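Position 58 of the sequence shown, counted from 1, bears residue number 58 in the working numbering, the numbering being contiguous throughout.
Beta carbons are placed, not taken as given, at the ideal position from N, Cα and C, and that holds for glycine.
For clarity, every value in this text was computed on a predicted model and none was experimentally measured.
Contents: one structure, followed by commentary.
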Amino acid sequence: MKTWIADARNFAYLTWKQVDALPRETTLLVLPTAAMEQHGHHLPLATDTLINNLLLGKALDLVPAALPVYALPPVCYGKSNEHIGFPGTLSVSAQTFLAVVRDIGASIAAAGFKKLVLFNTHGGNTSLVDVMARDLRAELGLRTFSLFGSAGAEFEGLSAQERAFGFHAGEVETAYLLHATPELVHTGEYTANYIARVDEPEVLKPEGGSANFSWLAADIAPSGVLGDPRPASAANGERWAQAAAARIAQALLAMYNFVPRHGA
Ligand SMILES: [Zn+2]
């Protein structure tokens, strides 16, 4: 797999003696969680994993070199059962995903490290990452953090419709890959589908509302796309990735410096 993570930030490139020399209390370890799943006719299965690596690599380039912040090897398989029925989707169950992240957390805690970030770029993992961040804190005493997608970066120039319902293989993901791996984007094969419209509000939302319906991509999008990739550009992908990296770097620094508030 391609990587944008500098060798010096890659935990997997260290020897155990080098790991043993890291400061246990302050070293910040980042575990990427992503997916291998269909992304329409035009993007590769690894899209969420590539985007995770791209954004994290760019963010780590912005973190002062002297700080011990490392990217762990990613959990590339995620809970992707919303994309079942499309050849190439490789999904693990919620139980498997939780068990893998728990076991990695336990290994980190056993080595004496204290700070772990779960950096997730696949929507199907989001609620599981929330669960694990709390469980690893409670059960192993790790100081855990969660970080999602583009870390709240503004996507300047993105339409309200795409911002609300460009869930999957839409403009943002396509722009990121047009910037990072243009050879993997099949630009002649764009399709567009929307799960809902901002100008036609419904009582039940596909997600994030107070009353939601559970969706499968196959229910609404025969091509597997939920969004509209057609306006995507490499220039926007580069700008958005840089903006996201700045937000992620800012969050990582805050995590590195984090001290919980204690009441009187
Ligand atoms: Zn995706």
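Residue burial classification, residue i (beta-carbon count within 10 angstroms, cutoff 16)
i    : result
T33  : buried
N257 : exposed
P229 : buried
Y13  : exposed
V203 : exposed
R134 : exposed
L116 : buried
I220 : exposed
G237 : buried
T27  : buried
D48  : buried
R123 : A small correction: the amino acid at residue 123 is Gly; Arg does not occupy that position in the sequence shown. Its Cβ being crowded by 16 or more others within 10 Å, G123 is buried.
N125 : buried
P74  : buried
H42  : buried
N52  : buried
M255 : buried
A264 : exposed
H83  : buried
A211 : exposed
H179 : buried
Whole-number beta carbon distance between residue j and residue i, since they are thought to touch under 8 Å
i    : j    : result
V225 : A246 : Not quite, the Cβ-Cβ distance comes to about 28 Å (not below 8 Å), so this is no contact.
L56  : I248 : 7 Å
C76  : M132 : With a Cβ gap of about 16 Å, C76 and M132 do not count as contacting.
A175 : A234 : 7 Å
A218 : A151 : Between A151 and A218 the Cβ distance is about 30 Å, and since that is not below 8 Å, they are no contact.
E25  : K79  : With 8 Å as the limit, E25 and K79 do not qualify as a contact, their Cβ atoms being about 32 Å apart.
L60  : R9   : 4 Å
V172 : W215 : That pair is no contact at about 19 Å.
L67  : A109 : The pair is not a contact, with the Cβ atoms about 21 Å apart (cut-off 8 Å).
P44  : L184 : 5 Å
A46  : M1   : 7 Å
Heavy atom of ligand 1 within 7 Å of residue i beta-carbon
i    : result
H262 : no
T47  : yes
E173 : yes
H41  : no
H168 : yes
Residues bridged to residue i [DSSP beta-bridge criterion]
i    : result
H39  : L43
L31  : L118
G78  : S91
R280 : One cannot answer for residue 280 here, as it falls past the ends of the chain, which runs 1 to 264.
K205 : N212
F148 : N120
A267 : Nothing about residue 267 can be reported from this structure: the residues present for the chain run from 1 to 264 only.
H168 : L226
N193 : G227
Contact check, residue i vs residue j, beta carbons under 8 Å
i    : j    : result
V30  : V69  : yes
G227 : G166 : yes
G105 : L136 : yes
A169 : G40  : yes
Q250 : K58  : no
L50  : T187 : no
L118 : V100 : no
L253 : V129 : no
F145 : N120 : no
Y194 : Q161 : yes
T89  : Q38  : yes
P222 : F213 : no
A153 : V198 : no
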